[in-house]
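S.K.:
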Amino acid sequence: MLFLLSFLFFISCNSTYTSKKQGYYKIDFPKREYVKFDKQGFPYSFEYPAYAVIEQDSDYSNQKGNDPYSINVDFPALNGKIYITYKVIGETSVYQVKNAGGGYRDSIGKNIFQNLVNDCYNLTYKNDVKANSIEDSIMHTPNNITGIFFRLSGSVATAKQFFLSDTTHNFLRGALYFDATPNEDSLRPVNDFLQEDMKHIINTLQWK
């Protein structure tokens, strides 16, 4: 009996261990259907997925008087949101300015087109520490609106971002975020699915 136990212990110590391959849950994506966002008083409209919810961005509430036309396109079933911010070129907005001590304070600044573009690039390249690559491509939509689409690879907080503008009056930025720990492999199917919805929003966007 002692010999048998010793033999089994010897075999177990010298057996090859094979780790179980990590898998991810299968996601059942909804059928693509779109409805129009055309809220009265808003300076833009677009089509968005019927399985999404439009909500006012709490950081840009009317009570603060700071960019009241900034909204979120929320995908509750997919734990994702497209954060949309809108600014009128030439007018003023409240910006977060970093103090010498590392904190932030509100500061009123003028919405200059080139500064808005630079802000979009700066916000995108804040992810370059974790991003494997960052690609940008010029867009020209069916409604004659131009902009830039950003694609980031790697385990970053936001892998899809864009901005659209007529360069003289309207400037709109969008960024897709997930309520989950960034993991490129597990989020790739949802990122790819929602990228098509982002493209639909972009291609149907119209200024009023």
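Take the sequence shown: its position 206, counted from the start at 1, is 246 in this note's numbering, and no numbers get skipped. Even for Gly, the Cβ is constructed at its ideal location relative to N, Cα and C.
DSSP on Ser226, reduced to helix/strand/coil?
M.R.: As a working note, residue 226 is residue 186 in the sequence shown. Helix.
S.K.: By the DSSP assignment, the alpha helix (DSSP H) with Thr176 in it spans what residues?
M.R.: Mapped onto the sequence shown, residue 176 falls at position 136. As written in the sequence, residue 176 is Asp, which differs from the Thr given in the question. Not the alpha helix (DSSP H): Asp176 falls in the beta strand (DSSP E), residues Ser173 to His180.
S.K.: Which one of Gly149, Asp78, Asn119 and Val134 has the shortest CA to CA distance from Ile67?
M.R.: Numbered from 1 along the sequence shown, position 27 holds the residue referred to as residue 67. Ile67 has its Cα closest to that of Asn119, out of Gly149, Asp78, Asn119 and Val134.
S.K.: Helix or strand or just coil, what does DSSP make of Tyr165?
M.R.: Within the sequence shown, numbered from 1, the residue matching residue 165 stands at position 125. Tyr165 falls in the helix class under three-state DSSP.
S.K.: Return the first residue and the last residue of the beta strand (DSSP E) that Gln80 is part of.
M.R.: Start at 1 with the first residue of the sequence shown, and residue 80 comes out as number 40. That residue, Gln80, is in no beta strand (DSSP E); it is neither H nor E in DSSP.
S.K.: Hey, how far is the Cα of Arg228 from the Cα of Asn158?
M.R.: Position 188 of the sequence shown holds residue 228. Position 118 of the sequence shown holds residue 158. Rounded to whole angstroms, Arg228 to Asn158 spans 28 Å at the Cα level.
S.K.: Compare the Cα-Cα distances from Thr207 to each of Phe153, Asp232, Ile178 and Leu163 and report the closest residue.
M.R.: To locate residue 207, count along the sequence shown from 1; it is residue 167. Among Phe153, Asp232, Ile178 and Leu163, the Cα nearest to that of Thr207 is on Phe153.
S.K.: Mind checking whether Asp114 and Glu95 have CB atoms under 8 Å apart?
M.R.: Sequence index remark: in the sequence shown, residue 114 carries index 74 (1-based). Sequence index remark: in the sequence shown, residue 95 carries index 55 (1-based). In contact: Asp114 and Glu95 (Cβ atoms closer than 8 Å).
S.K.: Can you check which of these residues, His240, Gln246, Trp247 and Lys248, is closest to Tyr88 by C-alpha distance?
M.R.: Position 48 of the sequence shown, counting from 1, holds the residue named residue 88. Answer by Cα proximity: His240.
S.K.: Should Asp232 go down as buried or exposed, given a rule of 16 or more other Cβ atoms within 10 Å for buried?
M.R.: Within the sequence shown, numbered from 1, the residue matching residue 232 stands at position 192. It counts as exposed.
S.K.: Less than 8 Å between the beta carbons of Ser85 and Lys71, yes or no?
M.R.: As a position in the sequence shown, residue 85 is number 45, starting the count at 1. As a position in the sequence shown, residue 71 is number 31, starting the count at 1. Contact flag unset, no.
S.K.: Can you name, in chain order, every residue of its own chain whose Cβ lies under 6 Å from the Cβ of Thr164, other than the five neighbours on each side?
M.R.: Position 124 of the sequence shown, counted from the first residue, corresponds to residue 164. Phe190 and Gln201.
S.K.: If you drop the 5 nearest sequence neighbours on each side, which residues of the same chain put their C-beta closer than 6 Å to that of Ser177?
M.R.: The count along the sequence shown starts at 1 and reaches residue 177 at position 137. Hits under 6 Å: Phe189.
S.K.: By the DSSP assignment, the beta strand (DSSP E) with Asn210 in it spans what residues?
M.R.: The residue you call residue 210 lines up with position 170 of the sequence shown. Taken as a continuous stretch (DSSP letters only), the beta strand (DSSP E) holding Asn210 covers Asn210 to Phe218.
S.K.: Lys239 by DSSP, collapsed to three states: which one?
M.R.: The count along the sequence shown starts at 1 and reaches residue 239 at position 199. It is helical.
S.K.: Let me confirm a value: Arg145 is counted as buried when at least 16 other C-beta atoms fall within 10 Å, else exposed. Which label applies?
M.R.: For the purposes of this step, residue 145 is taken as residue 105 along the sequence shown, with counting starting at 1. The residue is exposed, with fewer than 16 neighbouring Cβ atoms inside 10 Å.
S.K.: For Val128, tell me which candidate among Gly141, Val196 and Lys150 has the shortest Cα-Cα distance.
M.R.: What you label residue 128 is simply residue 88 of the sequence shown in a count that begins at 1. Comparing Cα-Cα distances from Val128 to each of Gly141, Val196 and Lys150, the minimum goes to Lys150.
S.K.: Suppose you measure from the CA of Leu234 to the CA of Ser193; what does that come to, to the nearest Å?
M.R.: Position 194 of the sequence shown, counting from 1, holds the residue named residue 234. Position 153 of the sequence shown, counting from 1, holds the residue named residue 193. Going from the Cα of Leu234 to the Cα of Ser193 covers about 15 Å.
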